[in-house]
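**Student:** My questions all concern the structure below.
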DNA sequence: CGTTTATGTCAGCCATATTGACATATCTGG
DNA sequence: CCAGATATGTCAATATGGCTGACATAAACG
């Protein structure tokens, strides 16, 4: 008998082969530590991850609308409401009426909000930098490619566009 | 005045440099989709991520104690209590008194639990496989190395040991 | 025996999410 | 100009998954 793998087929649509427990667990712990960096800082301010996500996206897309935020975060406006209110009350975010459409509340970070968003991003960047410095110079592009490939193919392009738009200082853009 | 950056010192230890927003956002979306695969299956059963984590670790370390689980998951026994009870009630997990120390409730998956845990792992493995097939054959080891490097250096060894022990069918082991 | 350990449980609290209904202001098209 | 659509906000009720503190039980251990 050839040393072929035993029948490992079609169990509920999950393909054949052995589970990659190593990768599964490594991603679990890596993400936990990655997000933990920011959690610590936020906890001191009485904020949680929800606040972080808002800070992050408003930082990346200054002037975005509430509706844009709901779209990106995929939560309800009721949930966003409380978080946004707290951020505004504490002076991290300001809302301005849209110049063309005054129903819109365009979102911006204050200097204080900008500093916090930046600090959090730098903290997370530091982890990436440390991790990637342990490998060769090609590691960054490899990691980028790997992470992108992990995203659902259907939404991958959308995510790439979102990142590119933010890099150009643009709004999230057409849904 | 030199064009040096404005006071960017020792702000909670976040060093200088530009934030790697691309990596930050890619990891965010990658993890969301990765965990989303399992979330869908679990939701149909009335379970959440907490149940998944328990299933996963009991699957990986059959016969582990409740205390081991608390240690790995870093939650309180009160939180674990509810989740574990539901898994037992629904016939995914069984508890046996320890042979040597009868105070212990050693945890095992039933056949039903084993199937579910395996299905979930294969679903997530499929995503890794797809992602890594888009790169060369060296990609898997590169990804493994990258993810490991993202983990806190202090706990990295511990995580590696945990994975190795599970691969050998052993208990989580010495704390 | 008394103490420690492993586990479970009760009670209450918090954060973050949900759905549904409704309110307000503003824009837009006929 | 008005009717309806749109952008946003808010109230209320509910769910989930965490938390702390206090206490109970059973078994091991010295």
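Protein chains in written order, with my numbering: chain X, 1 to 175; chain F, 1001 to 1175.
Beta carbons are placed, not taken as given, at the ideal position from N, Cα and C, and that holds for glycine.
These numbers come from a predicted model, not from an experiment.
For residue 87 of chain X, name the three-state secondary structure that DSSP assigns.
**Tutor:** Reduced to three states, the DSSP call for residue 87 of chain X is helix.
**Student:** Count the other CB atoms, across all protein chains shown, that sit within 10 Å of the CB of residue 22 of chain X; report buried if there are 16 or more and exposed otherwise.
**Tutor:** By the 10 Å Cβ count, residue 22 of chain X comes out buried.
**Student:** Between the Cα of residue 1102 of chain F and those of F:1145, F:1066, F:1026, spot the shortest distance and give me the residue it belongs to.
**Tutor:** Considering only alpha carbons, the answer is F:1066.
**Student:** Tell me, please, whether the segment 1160-1167 of chain F touches the segment 1045-1054 of chain F by the rule of three or more beta-carbon pairs shorter than 8 angstroms.
**Tutor:** The answer is no - the segment 1045-1054 of chain F does not touch the segment 1160-1167 of chain F, with fewer than three Cβ pairs under 8 angstroms.
**Student:** Is it buried or exposed for residue 1124 of chain F, if we count other Cβ within 10 angstroms and need 16 for buried?
**Tutor:** With 16 or more Cβ atoms within 10 Å of its Cβ, residue 1124 of chain F is classed as buried.
**Student:** What are the residues of the segment 19-39 of chain X that lie near chain F, defined by any Cβ-Cβ distance shorter than 7 angstroms?
**Tutor:** Cβ contacts with chain F come from 19, 20, 21, 22, 23, 24, 25, 26, 27, 29, 30, 31, 33, 34.
**Student:** Is there a Cβ of chain X sitting closer than 8 angstroms to that of residue 1149 of chain F, yes or no?
**Tutor:** Cβ-Cβ to chain X under 8 angstroms: yes for residue 1149 of chain F.
**Student:** Rounded to a whole number of angstroms, what is the C-alpha to C-alpha distance between residue 19 of chain X and residue 64 of chain X?
**Tutor:** Taking the straight line joining both Cα atoms gives about 41 angstroms.
**Student:** Show which residues of chain F have a CB atom less than 8 angstroms away from the CB atom of residue 47 of chain X.
**Tutor:** Those do not exist, as residue 47 of chain X stays about 14 angstroms from chain F at its closest Cβ, beyond 8 angstroms.
**Student:** Counting only C-beta atoms, is residue 1070 of chain F closer than 8 angstroms to chain X at any point?
**Tutor:** Judged by the 8 angstroms Cβ criterion, residue 1070 of chain F is not in contact with chain X.
**Student:** Taking the DSSP output, what are the residues bridged to residue 94 of chain X?
**Tutor:** In DSSP, residue 94 of chain X forms a bridge with X:108.
**Student:** Can you find a CB in chain F that lies within less than 8 angstroms of the CB of residue 152 of chain X?
**Tutor:** Interface residue, yes.
**Student:** Under 9 angstroms between beta-carbons, which chain F residues line up against residue 135 of chain X? List them in chain order, please.
**Tutor:** Correct list: 1142, 1145, 1146, 1149.
**Student:** Does the beta carbon of residue 163 of chain X come closer than 8 angstroms to any beta carbon on chain F?
**Tutor:** Yes, residue 163 of chain X lies at the interface with chain F (some Cβ there is under 8 angstroms from its Cβ).
**Student:** If we ignore side chains and look at the alpha-carbon of each, how far apart do residue 1030 of chain F and residue 1119 of chain F end up?
**Tutor:** Approximately 20 angstroms between the Cα atoms of the pair.
**Student:** Which residues does DSSP list as the beta-bridge partners of residue 1064 of chain F?
**Tutor:** The partner list for residue 1064 of chain F (beta bridge, DSSP) reads F:1107.
**Student:** Look at residue 1107 of chain F and residue 1069 of chain F and say whether their C-beta atoms are less than 8 angstroms apart.
**Tutor:** Yes, these two residues count as a Cβ contact at 8 angstroms.
**Student:** Starting from residue 162 of chain X, trace the alpha helix (DSSP H) in both directions and tell me its first and last residue.
**Tutor:** Its alpha helix (DSSP H) spans residues 153-167.
**Student:** Using beta carbons (cut-off 8 angstroms, strictly below), is residue 1159 of chain F in contact with chain X?
**Tutor:** Cβ-Cβ to chain X under 8 angstroms: yes for residue 1159 of chain F.
**Student:** Would you decide whether residue 1010 of chain F is buried or exposed? Buried here means 16 or more other CB atoms lie within 10 Å of its CB.
**Tutor:** Confidence at residue 1010 of chain F is low in this model, with a pLDDT of 37, below 50, so the placement of that residue should be treated as unreliable; the coordinate-derived value is given next. So residue 1010 of chain F counts as exposed.
**Student:** Is residue 195 of chain X buried or exposed, if buried means 16 or more other CB atoms sit within 10 Å of its CB?
**Tutor:** This structure does not reach residue 195 of chain X, given that chain X is present from 1 up to 175, and the question cannot be answered.
**Student:** Could you work out which residues of chain F lie near residue 50 of chain X, taking near to mean beta carbons separated by less than 8 angstroms?
**Tutor:** The premise fails here: residue 50 of chain X is roughly 13 angstroms from chain F at the closest Cβ pair, so nothing lies under 8 angstroms.
**Student:** Just the chain X side, please: which residues come within less than 8 angstroms of residue 1017 of chain F by C-beta, in chain order?
**Tutor:** In chain order: 122, 125, 129.
**Student:** I want to see whether chain F comes within less than 8 angstroms of residue 168 of chain X, judged by CB atoms only; does it?
**Tutor:** Chain F, which has no Cβ nearer than 8 angstroms to the Cβ of residue 168 of chain X, makes this no.
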